[in-house]
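Data block below; observations after.
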Amino acid sequence: MVLYELSFDFNNFLKCFIALAVAVILFICYFKKLQQKNKGAIIFVSIFCSIFLLISLYLSIGFISDYSKKKDCLNSNDCPTVSGVVENYHPMPYSGHDREHFEIDGVYFEYSDFEITNGYHNAASRGGVITQNGQKLLIKYYYDVRYDRNIILYIEEIE
Numbered sequence: 011m012v013l014y015e016l017s018f019d020f021n022n023f024l025k026c027f028i029a030l031a032v033a034v035i036l037f038i039c040y041f042k043k044l045q046q047k048n049k050g051a052i053i054f055v056s057i058f059c060s061i062f063l064l065i066s067l068y069l070s071i072g073f074i075s076d077y078s079k080k081k082d083c084l085n086s087n088d089c090p091t092v093s094g095v096v097e098n099y100h101p102m103p104y105s106g107h108d109r110e111h112f113e114i115d116g117v118y119f120e121y122s123d124f125e126i127t128n129g130y131h132n133a134a135s136r137g138g139v140i141t142q143n144g145q146k147l148l149i150k151y152y153y154d155v156r157y158d159r160n161i162i163l164y165i166e167e168i169e
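In terms of the working numbering, the sequence shown opens at residue 11 and continues consecutively.
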């Protein structure tokens with residue numbers, strides 16, 4: 011039974027995109043108000059909003075690009091696969107302040123609900139599907155060099 015498969019997480023994308031929208035709104039609102047005031051304030055607001063806009067745009071494009079790369083890996087069956095029993099399971103408390111992690115056949119996985127990522131990151135304390143030692147799972151994953159860790163793309167319960 012499939013427990014998780016990578017899909018576009020609109021909520022996480024929205025977190026990146028909201029910053030972009032805020033930058034545009036700030037720029038429009040303050041630029042109109044500052045046109046009648048001093049040029050120094052106009053320059054400051056323009057630079058601040060431009061930097062905010064560029065960072066938000068970079069994050070949004072990066073999020074979409076990262077999703078596309080991981081989805082292509084999953085669809086082409088080029089991603090590594092491990093199956094076996096969950097071992098050394100360490101749950102994340104509901105409050106956070108830790109990362110949930112476990113191993114299957116010597117392959118280590120860790121994640122947190124409090125990160126924006128494409129891939130499985132749902133701790134058991136917040137409704138996640140990996141809940142204890144002894145679960146028999148097949149996991150397809152992607153090694154992310156930027157974070158130096160394995161990102162789960164697919165989870166299937168096996169017998």
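Note that the Cβ used here is the ideal one computed from N, Cα and C, for glycine as well. Everything numeric in this text was worked out from a predicted model, so none of it was measured.
When the five nearest sequence neighbours on each side are left out, the beta carbons in the same chain lying within less than 6 Å of the beta carbon of H100 are those of H111, in order along the chain. One thing to note: L84 has its Cβ within 9 Å of the Cβ of K150. With 16 or more neighbouring CB atoms inside 10 Å of its own CB, K80 falls in the buried class.
For I61, no beta strand (DSSP E) encloses it; the enclosing alpha helix (DSSP H) starts and ends at 49-85.
For the 9 Å CB-CB criterion, Y152 and N160 form a contact.
In the structure shown, L163 adopts extended strand secondary structure according to DSSP, grouped into three states. In chain order, Y121, S122, D123, E125 place their CB closer than 7 Å to the CB of H131, counting only its own chain and leaving out the 5 sequence neighbours on each side. Looking at the backbone, the Cα of L36 and that of Y118 are separated by about 43 Å. By the neighbour-count criterion, in which a residue is buried when 16 or more other Cβ atoms sit within 10 angstroms of its Cβ, A33 is buried. Nearest Cα to K25 within the set C59, L13, L67, I61: L67. With contacts defined by Cβ atoms closer than 9 Å, V95 and K146 form a contacting pair. The three-state secondary structure of I38, taken from DSSP, is helix.
If you ignore the 5 residues before and after E97, its C-beta comes within less than 8 Å of the C-beta of F112, E113, I114, N143, all in its own chain and listed in chain order. Here N98 carries a strand assignment [DSSP, helix/strand/coil].
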